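The opening residue of the sequence shown carries number 0 in numbering that gives the first Met the number 0; numbering runs sequentially from there. For every residue, glycine included, the Cβ atom is placed at its ideal position computed from N, Cα and C. Predicted, not measured: the structure shown is a model, and the values here were computed from it.
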Amino acid sequence: MRTVLTIFLIFSLISGLSAQSKKRDRVKRKYRDVEKVSEFIPEVVFRGRVRDIYRNPLKGVSVEIEGLKRKVHTNEDGLFILTNLPAEMVRIKFSYTGFRTKTIDYFLQVGQNTHYVALDLDRAHIDPLPAGIQKREQHIQDIPAAVTTVSGSFAELLSFDDISGISDFIPGVNFDNSGAGSMGFFINGSNGHSGFPEVSPSAGVFIDDVPANYHNGFPLDLLDIERVEFAKGSQNALYGNSAVGGAINLVSKKPEDEFSGSLIAGGGNFESKEIKGVVNVPVLEERIFLRAAGFFRQQNGYVENTFGGSLNGVNSAGGRISIELLPFYNHKVNFKANYIKNNQPGLAMINRWMYEGENEGGFFDYKISLDGTGDPGLQQEFMDASLEYRIFRDENRYWTSISSYRKNSSSDIWDADGTALPALSMDDQRDVSIFYQELRYNFSRKSRCNGSFGLSYQWAANNNTNHILSNDRLLMDIINTPGNFLMPPDNRFPVNPQPLDPVPESDIVLTGDHNENYNIERKARLLQGYLHFTHQLANSIFFAGGIRASYDMLQIQHESEYVDGSPSFLGNYTGASPNLIYMPAEKQIINNNSLIITGQAGLTYRLNEKFNIFFNAHHGRKPRLLQFSWDGNQQIMEGEKINRLEAGWKLSLAGRIFWDVTGFYSTHEGVQTVNWRSTRGDGLLDGEGRAISYGAETGVKAALIKGVELFGNYSWMFSRFDSTDVNGLDYIYAGNSFACSPEHSFTAGINAKTDISKSLRLFLIPWYSYRSQYWFTENNSPGLSQSGYGLLNMSAGMALLNPKITLSLYGKNILEQKYIAGAGHWGGLLGIPVFIPGIPRMYGIKLKWDF
Numbered sequence: 000m001r002t003v004l005t006i007f008l009i010f011s012l013i014s015g016l017s018a019q020s021k022k023r024d025r026v027k028r029k030y031r032d033v034e035k036v037s038e039f040i041p042e043v044v045f046r047g048r049v050r051d052i053y054r055n056p057l058k059g060v061s062v063e064i065e066g067l068k069r070k071v072h073t074n075e076d077g078l079f080i081l082t083n084l085p086a087e088m089v090r091i092k093f094s095y096t097g098f099r100t101k102t103i104d105y106f107l108q109v110g111q112n113t114h115y116v117a118l119d120l121d122r123a124h125i126d127p128l129p130a131g132i133q134k135r136e137q138h139i140q141d142i143p144a145a146v147t148t149v150s151g152s153f154a155e156l157l158s159f160d161d162i163s164g165i166s167d168f169i170p171g172v173n174f175d176n177s178g179a180g181s182m183g184f185f186i187n188g189s190n191g192h193s194g195f196p197e198v199s200p201s202a203g204v205f206i207d208d209v210p211a212n213y214h215n216g217f218p219l220d221l222l223d224i225e226r227v228e229f230a231k232g233s234q235n236a237l238y239g240n241s242a243v244g245g246a247i248n249l250v251s252k253k254p255e256d257e258f259s260g261s262l263i264a265g266g267g268n269f270e271s272k273e274i275k276g277v278v279n280v281p282v283l284e285e286r287i288f289l290r291a292a293g294f295f296r297q298q299n300g301y302v303e304n305t306f307g308g309s310l311n312g313v314n315s316a317g318g319r320i321s322i323e324l325l326p327f328y329n330h331k332v333n334f335k336a337n338y339i340k341n342n343q344p345g346l347a348m349i350n351r352w353m354y355e356g357e358n359e360g361g362f363f364d365y366k367i368s369l370d371g372t373g374d375p376g377l378q379q380e381f382m383d384a385s386l387e388y389r390i391f392r393d394e395n396r397y398w399t400s401i402s403s404y405r406k407n408s409s410s411d412i413w414d415a416d417g418t419a420l421p422a423l424s425m426d427d428q429r430d431v432s433i434f435y436q437e438l439r440y441n442f443s444r445k446s447r448c449n450g451s452f453g454l455s456y457q458w459a460a461n462n463n464t465n466h467i468l469s470n471d472r473l474l475m476d477i478i479n480t481p482g483n484f485l486m487p488p489d490n491r492f493p494v495n496p497q498p499l500d501p502v503p504e505s506d507i508v509l510t511g512d513h514n515e516n517y518n519i520e521r522k523a524r525l526l527q528g529y530l531h532f533t534h535q536l537a538n539s540i541f542f543a544g545g546i547r548a549s550y551d552m553l554q555i556q557h558e559s560e561y562v563d564g565s566p567s568f569l570g571n572y573t574g575a576s577p578n579l580i581y582m583p584a585e586k587q588i589i590n591n592n593s594l595i596i597t598g599q600a601g602l603t604y605r606l607n608e609k610f611n612i613f614f615n616a617h618h619g620r621k622p623r624l625l626q627f628s629w630d631g632n633q634q635i636m637e638g639e640k641i642n643r644l645e646a647g648w649k650l651s652l653a654g655r656i657f658w659d660v661t662g663f664y665s666t667h668e669g670v671q672t673v674n675w676r677s678t679r680g681d682g683l684l685d686g687e688g689r690a691i692s693y694g695a696e697t698g699v700k701a702a703l704i705k706g707v708e709l710f711g712n713y714s715w716m717f718s719r720f721d722s723t724d725v726n727g728l729d730y731i732y733a734g735n736s737f738a739c740s741p742e743h744s745f746t747a748g749i750n751a752k753t754d755i756s757k758s759l760r761l762f763l764i765p766w767y768s769y770r771s772q773y774w775f776t777e778n779n780s781p782g783l784s785q786s787g788y789g790l791l792n793m794s795a796g797m798a799l800l801n802p803k804i805t806l807s808l809y810g811k812n813i814l815e816q817k818y819i820a821g822a823g824h825w826g827g828l829l830g831i832p833v834f835i836p837g838i839p840r841m842y843g844i845k846l847k848w849d850f
């Protein structure tokens with residue numbers, strides 16, 4: 000089998016090298032010779048390029064021949080090819096969301112037939128919605144799945160500086176950032192990370208199809224982004240084991256063949272400052288193109304710490320350099336390198352029941368007293384480099400090699416008890432390295448079956464060291480504070496502590512300062528192969544299927560030590576004594592290998608280019624869970640399995656309206672959750688839960704008249720843990736809801752603009768987002784929840800068309816809604832949960848110059 004595969008790969012690679020050179024502004028004749036023409040059956044080929052009226056190539060345009068089962072999409076250069084055609088008169092249709100559908104009658108002759116097409120826009124139209132979430136360019140109307148895209152230009156218009164704000168626009172998506180490299184997405188009820196990066200992510204984050212998260216954070220900043228794509232439901236077949244609940248792909252802008260650029264400067268309250276710049280330079284005509292981007296953002300924290308400084312601020316800078324090289328007529332090389340550094344003051348994790356602020360407003364005074372080990376703060380560095388090499392056989396068939404190396408490091412020091420008392424402080428250090436190599440082939444068989452298959456290898460390592468300072472007496476003082484909402488069943492320690500083996504005359508002696516360390520190193524080697532395709536069964540019926548095989552080689556190393564100070568008596572309740580968290584242990588190692596098969600299948604009925612109905616079935620699975628219990632025992636649990644059924648429709652009318660609806664039903668086996676009620680023999684995580692989730696979501700964009708567009712989305716979701724676990728035993732979270740999963744959420748807004756002269760345009764974009772009540776943990780403890788709330792935001796300004804200068808004003812949380820952004824965390828494991836306040840009212844001004 001290896002020999003056959005090797006011969007096939009070599010043959011395909013060599014065949015891609017024989018072609019003719021292209022000419023500027025002409026269809027790429029470079030693909031001619033690779034079309035094998037039978038000596039007995041003349042080949043009929045129709046190829047061309049699709050552009051807008053400004054000669055910009057359009058990617059993902061649907062090109063089909065009516066009455067024949069032939070349908071493809073334009074590639075990233077707007078090029079396409081249709082093969083296996085009859086030599087006769089045909090009707091060819093070009094459709095693209097946001098543009099008028101164009102139909103032409105064309106007499107196909109034997110041999111090459113070439114045609115250029117320009118698509119028109121209505122005076123009132125929505126922006127195009129391209130998406131590459133299926134590893135090929137399409138427009139969103141033709142993707143039979145719950146997929147949403149947000150363009151980089153729209154995100155910039157709304158003053159979104161990082162990806163967290165975009166999540167408000169996506170139905171069924173929530174984002175949580177808990178510091179210490181702990182951040183992640185919750186999609187349609189899929190368990191995210193619950194404030195702990197040890198939880199394997201349910202939603203994979205990718206940057207240009209390259210994995211960006213592995214038990215750690217990822218760069219949030221939106222630097223020179225073309226679009227952000229969200230795909231809901233299991234995406235294992237396309238994106239691997241980290242995408243069991245969905246995938247988020249950030250698509251960077253690539254170098255272009257014209258000199259251009261932009262410069263942005265801005266500022267706002269909390270002494271915020273921002274500078275961002277982009278420049279694109281054609282270094283060598285038709286051969287080498289360079290694009291560079293950089294940014295600097297700084298903002299004082301909106302929570303004042305009376306012990307010094309502020310919390311929840313921003314201080315980050317970074318840059319990217321991209322080079323595109325066209326060495327030969329059918330070769331394309333893209334190199335990209337990124338560097339981002341964050342030096343932030345840290346997150347304000349506050350105990351609401353022992354608030355130490357100076358004002359009467361309590362928790363939302365944004366003025367607290369927190370101690371910490373040293374100076375609290377978060378430092379992060381993200382570095383990566385990737386090389387993409389593409390060899391074209393023709394417009395829709397090509398090999399792609401992606402090589403990437405990513406290194407992330409973070410250092411987070413924070414007060415984990417949330418009070419002015421030195422009861423619990425943590426110093427978390429993480430280093431993550433990821434190497435990724437993928438070889439992929441995009442195919443189009445007879446212009447009827449389109450898709451891709453590929454092989455990949457991923458090596459990842461996460462080294463985590465945590466230094467813990469604690470004090471048993473102060474911890475119990477906080478736990479026993481009058482008014483503390485925690486009841487004994489929600490706490491690993493008794494609220495009124497008694498000896499483990501009580502003797503009537505004995506007293507408990509709670510110790511003082513305690514110091515311990517633990518180190519956990521995770522390594523993974525993943526060998527994966529996948530196939531994904533769409534096959535046209537009939538003129539209106541399409542079958543989509545995908546499968547992935549992943550051989551996972553996992554390892555975890557663990558060691559912990561008692562450093563100094565008094566032994567922790569509280570550690571007895573989980574078997575960790577003389578430590579509080581992990582019992583002292585020499586280095587231990589767990590190795591485990593497993594084969595995981597995941598897949599998806601679905602049918603689409605396409606009435607026409609404007610309307611389709613789809614039905615899909617997904618089977619997804621996480622990797623196995625390896626961990627050590629608090630008392631040092633090895634634990635191996637099967638990975639979470641998700642089976643999902645979904646159905647929906649998509650409607651696009653006259654380039655003015657796009658409306659999609661999706662309903663889903665999912666079963667979850669082996670759900671990975673945090674052990675909020677840990678006892679002796681438990682570890683941080685549990686992987687034995689069973690649950691169901693179901694719901695529906697819808698999104699709409701409508702250009703009512705020229706210059707006025709409505710946009711909105713709504714999501715309804717229900718989730719419940721079963722009464723028994725995978726072993727048939729009573730489950731501790733029976734009847735509870737998933738964490739960070741509101742039952743109802745919606746966003747609605749208006750994008751209005753008007754030209755008051757030939758060179759001056761005014762714009763106004765107000766939008767409102769709402770989330771109903773939800774829990775912060777699977778424990779669903781009273782008090783660890785956020786009641787329903789909504790945020791009103793706005794962006795407004797004016798734009799000069801020549802020169803291209805835009806002045807904009809923005810406001811976030813204009814009504815100054817009080818809400819909690821996160822809760823639980825390490826303090827929650829010890830009965831003293833902490834809370835992160837959401838942002839207050841923020842506003843600012845930006846000036847942009849495009850050249």
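- Secondary structure at tyrosine 397: strand, using DSSP grouped into helix, strand and coil.
- Membership of asparagine 750 in the beta strand (DSSP E) is indicated by the continuous run 743-756.
- By the C-beta density criterion, glutamine 137 is buried, having at least 16 other C-beta atoms within 10 angstroms.
- Per DSSP, arginine 472 is one residue of the alpha helix (DSSP H) stretching across 471-478.
- When rounded, the separation of the alpha-carbon atoms in leucine 683 and histidine 824 is 12 Å.
- Contact annotation: the stretch 737-748 does not touch the stretch 198-210, with fewer than three C-beta pairs closer than 8 Å.
- At the C-beta level, alanine 523 and arginine 405 stay beyond 8 Å of one another.
- Sequence-distant Cβ neighbours of isoleucine 555 in its own chain, meaning closer than 6 Å and more than five residues away, are Arg521, Ile589 and Leu625.
- In the displayed model, glutamate 155 falls within a helix according to three-state DSSP.
- Between serine 321 and the set Gly244, Ala384, Ala422 and Arg472, the nearest pair of CA atoms involves Ala384.
- For the set Glu645, Leu454, Ala584 and Gly171, the Cα lying nearest the Cα of tyrosine 713 is the one of Gly171.
- Under DSSP, glycine 47 takes part in a beta bridge, and its partners are Phe79 and His114.
- If you draw a straight line from the Cα of aspartate 104 to the Cα of methionine 88, it comes to about 7 Å.
- The beta carbon of lysine 803 lies closer than 6 Å to those of Asp849 in the same chain, with the five residues before and after it left out.
- Closest by C-alpha distance to aspartate 681, out of Met636, Lys640, Phe717 and Val699, is Met636.
- Per DSSP, reduced to three states, the secondary structure at asparagine 268 is coil, with no helix or strand assignment.
- Between the alpha carbons of histidine 72 and threonine 603 lies a gap of roughly 17 Å.
- Across the structure, asparagine 470 and glycine 511 are spaced so that their CA atoms are roughly 5 Å apart.
- In the DSSP assignment, the residues bridged to tryptophan 766 are Gly748 and Asn792.
- The continuous beta strand (DSSP E) containing tyrosine 105 extends over residues 101-106.
- By the C-beta criterion, the stretch 248-255 is judged to be in contact with the stretch 283-292, since at least 3 inter-stretch pairs fall below 8 Å.
- In the DSSP assignment, isoleucine 540 falls within the beta strand (DSSP E) that extends over 540-564.
- With fewer than 16 other beta carbons inside 10 angstroms of its own, threonine 678 counts as exposed.
- Residue burial is scored here from C-beta neighbours: threonine 753 has fewer than 16 other C-beta atoms within 10 angstroms and is therefore classed as exposed.
- DSSP places histidine 618 in the uninterrupted beta strand (DSSP E) bounded by 610-620.
- Taking 8 Å as the cut-off, the Cβ atoms of isoleucine 819 and isoleucine 835 count as close.
- Taking all protein chains in view, the Cβ of proline 85 is surrounded by fewer than 16 other Cβ atoms within 10 Å, so the residue is classified as exposed.
- When DSSP reads this structure, alanine 653 sits in no beta bridge, so it has no partner.
- Its chain contains Pro170, Gly171, Thr661 and Ser714 as the residues whose beta carbon lies nearer than 6 Å to that of glutamate 696, once the 5 sequence neighbours on both sides are disregarded; these appear in chain order.
- Secondary structure at serine 677: coil, using DSSP grouped into helix, strand and coil.
- Membership of asparagine 235 in the alpha helix (DSSP H) is indicated by the continuous run 235-238.
- Around the beta carbon of tyrosine 95, a 10 Å sphere encloses 16 or more other beta carbons of the protein chains shown; the residue is thus reported as buried.
- Judged by their CB atoms, valine 277 and glycine 260 are nearer to each other than the 8 Å cut-off.
- Take methionine 552, set aside five residues on each side of it, and the residues of its chain with a beta-carbon closer than 6 Å to its own are Arg524 and Asn592, in chain order.
- In this structure aspartate 393 is buried. Its beta-carbon is surrounded by 16 or more other beta-carbon atoms within 10 angstroms.
- Below 8 Å, enough C-beta pairs join the stretch 449-460 and the stretch 426-437 to call them touching: three or more.
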